[in-house]
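Chemist: Next up is a structure, given as structure tokens.
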Ligand code: PRP
Ligand code: URA
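Residue numbers (the working numbering): 54 to 259.
Here it is in structure tokens:
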């Protein structure tokens with residue numbers, strides 16, 4: 054299911070990222086902050102266990118998170134969302150999936166993967182700022198499913214209907230969270246209006 058997280062703070066920060074004059078420092082900082090805000094919204098329904106604890110005053114019934122959370126940034130650009138989420142959920146474990154999109158074919162190529170233990174029972178959050186053709190997201194979901202992941206959420210900043218449809222067709226069990234659903238892809242596979250090349254803007258490589 055697609056969820057577009059409409060929140061004035063998220064949209065304001067995304068607007069700063071979209072501006073072509075925004076430099077690397079502000080681009081990174083806004084991405085970091087949006088990732089944290091999105092994580093807060095997305096984790097509302099996390100499963101919890103009832104526990105009894107003792108405060109300095111008396112015993113009380115409360116709850117704790119029931120499952121591990123594994124964050125899966127798609128390299129490179131997904132790395133820009135890790136800090137913001139780790140600040141909010143310091144116990145997350147982080148997997149890495151390295152994928153790049155061939156500029157001609159737009160097909161994803163895998164160059165790295167590394168996973169923590171326990172992915173089968175964890176809540177898995179795949180993060181990447183951009184959901185364009187959906188090829189990278191579908192490949193990353195295939196990869197974590199191959200490792201046994203069952204409870205998977207895909208968290209992107211900007212998506213387009215083509216990318217959403219690709220993920221929904223290949224993986225109807227995965228919930229998709231976006232900060233904005235943009236209009237379309239251009240002839241080079243870039244999101245319109247989008248924010249340009251996320252990886253290059255985060256790492257200052259262009
Ligand atoms: C970008 C982006 C996504 C992918 C989206 O990565 O971060 O991973 O493109 O496009 P898709 O939906 O059509 O697959 P890119 O391949 O440019 O690599 P980078 O993050 O290393 O720059
Ligand atoms: N990847 C990006 O970084 N930006 C786009 O617009 C599409 C894919």
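Even glycine gets a Cβ: it sits at the ideal position worked out from N, Cα and C.
1) What separation, rounded to the nearest whole angstrom, lies between the Cα atoms of residue 155 and residue 126?
2) Can you round the beta-carbon distance between residue 180 and residue 131 to whole angstroms, since I take them to be within the 8 angstroms contact cut?
3) I believe residue 191 touches residue 233 by the beta-carbon criterion, under 8 angstroms. Please report the beta-carbon distance rounded to the nearest angstrom.
4) Suppose the cutoff is 7 angstroms on Cβ atoms and the five residues either side in sequence are ignored; what does the same chain contact list for residue 66 look like?
5) Am I right that residue 208 and residue 95 are in contact with their C-beta atoms under 8 angstroms? What's the rounded C-beta distance?
6) Tell me the rounded alpha-carbon separation between residue 223 and residue 149.
7) Can you check the region 193-251 for any beta strand (DSSP E) of at least 3 residues that lies completely inside it and give the ranges in chain order?
8) With a floor of 4 residues, list each alpha helix (DSSP H) that falls wholly inside the region 66-137, ordered by position along the chain.
9) Buried or exposed: where does residue 80 fall if 16 or more other Cβ atoms within 10 Å of its Cβ makes it buried?
10) Run the Cβ filter for me: residues under 7 angstroms from any heavy atom of the ligand PRP, listed in the order they occur in the chain.
Modeler: Taking the structure as given:
1) The residue you call residue 155 lines up with position 102 of the chain shown. The residue you call residue 126 lines up with position 73 of the chain shown. Between residue 155 and residue 126, the alpha-carbon positions lie close to 19 angstroms from each other.
2) In the chain shown, the residue the question calls residue 180 occupies position 127. In the chain shown, the residue the question calls residue 131 occupies position 78. Cβ-Cβ separation between residue 180 and residue 131: approximately 5 angstroms, consistent with a contact (criterion under 8 angstroms).
3) Against the chain shown, residue 191 aligns to sequence position 138. Against the chain shown, residue 233 aligns to sequence position 180. Residue 233 and residue 191 do not touch by the CB rule: their CB atoms are close to 20 angstroms apart, not below 8 angstroms.
4) Position 13 of the chain shown, counting from 1, holds the residue named residue 66. Short of 7 angstroms from the beta carbon of residue 66, and not among the five residues preceding or following it, lie these beta carbons of its own chain, in chain order: 83, 86 and 87.
5) Translated into the one-based positions of the chain shown, residue 208 becomes position 155. Translated into the one-based positions of the chain shown, residue 95 becomes position 42. Under the criterion of beta carbons closer than 8 angstroms, residue 208 and residue 95 qualify as touching, at roughly 6 angstroms.
6) Position 170 of the chain shown holds residue 223. Position 96 of the chain shown holds residue 149. Cα-Cα distance, rounded: 21 angstroms.
7) Listed in chain order, the beta strand (DSSP E) elements of length 3 or more contained wholly in the region 193-251 are 204-208 and 228-231.
8) Counting whole runs of 4 or more residues, the region 66-137 contains the alpha helix (DSSP H) stretches 77-95.
9) For the purposes of this step, residue 80 is taken as the residue at position 27 of the chain shown. Its Cβ being crowded by 16 or more others within 10 Å, residue 80 is buried.
10) Near the ligand PRP, meaning a beta-carbon closer than 7 angstroms to one of its heavy atoms, we find 127, 128, 129, 130, 131, 152, 153, 154, 159, 161, 181, 182, 183, 184, 185, 186, 187, 188, 189, 190, 216, 242, 250, 251, 252 and 253.
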